[in-house]
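For reference, the structure is listed below as structure tokens.
There are 2 protein chains.
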Amino acid sequence: MIVDERRSRILQIAEESGFVSLQRLVTEVGASESTIRRDLEFLDSSGQIQRTRGGASYLGDSLSDFDSRRSRASQEKQLIARRTADLIAPGETVLLDGGTTTLEVARHLTGKTLQVLTNSLPIASLLMNRPEIELIFIGGYVYPRTGVALGEQSVEALKKMHASRLVMSTGGITADGLFNSNALLVETERQMIRAADRVTLVADSSKFGQRALSHLCPLSDVDEIVTDDGMSEEWRLVIESAGLKTEVVRT
Amino acid sequence: MIVDERRSRILQIAEESGFVSLQRLVTEVGASESTIRRDLEFLDSSGQIQRTRGGASYLGDSLSDFDSRRSRASQEKQLIARRTADLIAPGETVLLDGGTTTLEVARHLTGKTLQVLTNSLPIASLLMNRPEIELIFIGGYVYPRTGVALGEQSVEALKKMHASRLVMSTGGITADGLFNSNALLVETERQMIRAADRVTLVADSSKFGQRALSHLCPLSDVDEIVTDDGMSEEWRLVIESAGLKTEVVRT
DNA sequence: ACTAAGTGAATGGAAATGATTGTTTTGTTT
DNA sequence: AAACAAAACAATCATTTCCATTCACTTAGT
Chain A
1 MIVDERRSRI LQIAEESGFV SLQRLVTEVG ASESTIRRDL EFLDSSGQIQ
51 RTRGGASYLG DSLSDFDSRR SRASQEKQLI ARRTADLIAP GETVLLDGGT
101 TTLEVARHLT GKTLQVLTNS LPIASLLMNR PEIELIFIGG YVYPRTGVAL
151 GEQSVEALKK MHASRLVMST GGITADGLFN SNALLVETER QMIRAADRVT
201 LVADSSKFGQ RALSHLCPLS DVDEIVTDDG MSEEWRLVIE SAGLKTEVVR
251 T
Chain B
252 MIVDERRSRI LQIAEESGFV SLQRLVTEVG ASESTIRRDL EFLDSSGQIQ
302 RTRGGASYLG DSLSDFDSRR SRASQEKQLI ARRTADLIAP GETVLLDGGT
352 TTLEVARHLT GKTLQVLTNS LPIASLLMNR PEIELIFIGG YVYPRTGVAL
402 GEQSVEALKK MHASRLVMST GGITADGLFN SNALLVETER QMIRAADRVT
452 LVADSSKFGQ RALSHLCPLS DVDEIVTDDG MSEEWRLVIE SAGLKTEVVR
502 T
């Protein structure tokens with residue numbers, strides 16, 4: 001088996017349940033304990049997982065109820081979320097993807113008269129009691145921990161919907177486009193892109209240059225990116241030459 | 252078992268009721284007393300719980316606080332919910348309607364390996380982090396306050412689903428059948444009945460004789476009723492002559 | 001054939017665990 | 001209030017589990 005493939009698989013398994021024991025990885029991936037350890041070491045040093053005794057825990061945009069309550073969103077995410085919310089005009093129909101940043105965006109939407117479509121349970125729970133927001137939930141198989149509905153049913157439901165804007169997050173951005181770690185999620189997000197007139201990507205600057213398991217879409221599918229000023233000039237050029245508008249918040 | 256996993260579990264248990272005894276943790280987590288003590292010490296020093304003699308109390312908003320804030324379910328509902336949960340065998344595919352009683356049923360489902368379909372946001376939020384439960388959400392227009400998905404999209408989604416059992420609530424029961432106050436809700440519930448092999452109705456005894464806006468279905472659509480012993484003998488005859496099984500819990 | 005990278009097994013050391021001990025606290029009885 | 005028993009606790013120790021390191025082996029590319 002190829003190295004990258006094995007590591008991707010480890011990441012995927014780690015993401016599913018948040019925790020993976022080393023032993024489980026040994027049996028599921030089929031490599032020796034030593035190799036898995038080395039992989040975990042690599043993935044830890046590259047910041048994708050956190051090694052713990054006996055296994056590893058997934059880092060990244062998985063929002064479990066634990067995470068959202070304990071560690072609040074970082075300052076970058078807060079600022080990005082607020083700016084993104086400012087872009088949204090009253091009366092719009094907004095499609096909201098799952099993720100910690102989009103959840104923060106949802107927090108800032110309260111008070112505006114909006115129609116909100118989402119496949120994220122945390123976002124729906126947040127907005128459910130707001131009379132000024134008409135909420136439509138996109139059903140499907142609910143992915144554990146993140147509380148995001150995915151799969152064929154979600155895709156089918158999305159086919160019948162239309163929104164003026166999609167606010168989405170991503171696992172990584174390169175010149176090739178956007179990436180995410182979960183194949184089912186990618187499929188659902190692709191359908192979201194099709195359903196929306198305008199695509200607004202929220203991504204803190206650490207996402208640039210990151211590449212994850214599944215390719216989601218080319219850069220040209222995105223209309224604008226809201227990010228923080230940690231983005232290098234280099235990436236700014238890549239993004240703007242692809243015809244995307246960039247909104248940069250100062251931290 | 253991995254350290255972090257065990258500590259997360261301790262936190263989760265602590266959160267549920269606000270306080271946990273050490274002994275309960277020993278049996279539920281399956282670690283030795285020493286280990287649990289060490290974990291409690293750690294969680295205390297990191298400020299997540301407060302150790303007390305005999306156990307520990309959760310810091311922050313415990314779920315039971317949350318529950319008691321929004322009037323806790325009555326004793327009847329609790330008992331009905333527990334009995335209903337006992338009827339459900341591991342491995343079943345259960346369709347759960349919205350409502351406070353069905354939410355209580357959902358609470359008692361944790362621990363069983365099940366497939367759960369629901370259109371209720373509160374139920375989905377409750378079950379979303381339970382690894383033993385595969386959760387499928389039925390999307391649609393989210394009705395404010397109750398957090399239940401309704402409407403054409405929900406009906407369409409339900410047409411493609413099938414469950415071994417439906418647990419539903421109702422606004423009122425007469426010899427003519429079941430009633431509910433919301434036309435959209437009635438439509439969705441009718442489709443639920445079609446999608447399920449067996450229909451279990453949860454209804455406290457005050458519902459008998461009540462008639463609401465919309466007629467939902469005849470009594471013959473229901474297979475069994477779980478209720479409390481406030482039901483009069485008269486109603487018992489009506490129900491049983493319609494061929495329904497009745498489960499009566501003693502208050 | 002040689003090198004470099006990757007892999008798997010073996011080793012010793014570190015950390016975590018469970019059982020045991022003796023001590024402190026709590027509640028009950030007199 | 002004093003004496004006692006039961007429960008809860010902290011401290012210690014042997015055992016187990018986990019980990020980093022090392023080394024030998026395989027594979028792929030030059």
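Sequence order for the protein chains is A and B. Sequential numbering of the first sequence, starting at 1, is according to the working numbering. Sequential numbering of the second sequence, starting at 252, is according to the working numbering. Here a beta-carbon is modelled for each residue, glycine too, at the ideal position from N, C-alpha and C.
| Asked | Found |
| --- | --- |
| Comparing the C-beta of B/Glu-292 with each C-beta of chain A, is any distance below 8 angstroms? | no |
| Please confirm if B/Glu-475 has its CB atom under 8 angstroms from at least one CB of chain A. | no |
| Going residue by residue through the region 326-397 of chain B, where are the continuous beta strand (DSSP E) segments of at least 3 residues, counting only ones entirely within it? | 344-347, 365-369, 384-388, 391-394 |
| Report yes or no: do three or more beta-carbon pairs, one from the region 105-121 of chain A and one from the region 79-86 of chain A, lie closer than 8 angstroms? | yes |
| Could you tell me how far apart the beta carbons of B/Ser-456 and B/Asp-479 are, in whole angstroms, since I believe they sit closer than 8 angstroms? | 5 angstroms |
| Starting from A/Asn-129, find everything on chain B with Cβ-Cβ shorter than 9 angstroms and list it in chain order. | Pro-395, Arg-396, Gly-398 |
| Starting from A/Leu-121, find everything on chain B with Cβ-Cβ shorter than 8 angstroms and list it in chain order. | Leu-372, Ala-375, Ser-376, Met-379, Phe-388 |
| Spell out the partners DSSP gives B/Asp-479 in its beta bridges. | B/Val-500 |
| State buried or exposed for B/Gly-423, treating a residue as buried only when at least 16 other CB atoms are found within 10 Å of its CB. | buried |
| Pick out whichever of A/Tyr-141, A/Val-148, A/Lys-160 has its Cα sitting closest to the Cα of B/Gln-366. | A/Tyr-141 |
| For B/Arg-321, which three-state DSSP category applies? | Since pLDDT at B/Arg-321 reaches only 45, below the 50 mark, its modelled position is unreliable, and the value read off the structure follows with that caveat. Three-state DSSP puts B/Arg-321 in coil, outside helix and strand. |
| When you compare only the Cα positions, how much space is there between B/Leu-429 and B/Pro-469? | 6 angstroms |
| Which residues in chain B have a C-beta closer than 9 angstroms to the C-beta of A/Ala-195? List them in chain order. | None at all; the shortest Cβ gap to chain B is about 13 angstroms. |
| Any Cβ of chain B within less than 8 angstroms of the Cβ of A/Arg-51? | no |
| Quick one: what's A/Arg-38 bridged to in DSSP? | A/Arg-38 is not bridged to any residue. |
| With distances taken Cα to Cα, identify the nearest neighbour of A/Arg-165 among A/Ser-214, A/Pro-122, A/Leu-127, A/Ile-193. | A/Ile-193 |
| Report the option in A/Thr-200, A/Ser-232, A/Thr-188 whose CA atom is closest to the CA atom of A/Gly-209. | A/Ser-232 |
| Excluding five sequence neighbours on each side, which residues of the same chain lie with their C-beta closer than 7 angstroms to the C-beta of B/Arg-501? | Asp-480 |
| Under 9 angstroms Cβ-Cβ, which residues of chain B neighbour A/Gly-54? | Met-252, Ile-253, Val-254, Asp-255, Glu-256 |
| Measure the CB-CB distance between A/Thr-174 and A/Leu-150 and report whether it falls below 8 angstroms. | no |
| Cutting at 6 angstroms between CB atoms, please list the residues of its own chain near B/Lys-458, excluding the five before and the five after it. | Gly-423, Ile-424 |
| Do A/Val-167 and A/Thr-102 have their C-beta atoms within less than 8 angstroms of each other? | yes |
| Whole angstroms is fine: what's the gap from B/Ala-434's alpha carbon to B/Gln-301's? | 49 angstroms |
| Would you mind working out which of A/Gly-147, A/Gly-243, A/Thr-100 sits nearest A/Asn-119, comparing C-alpha positions? | A/Gly-147 |
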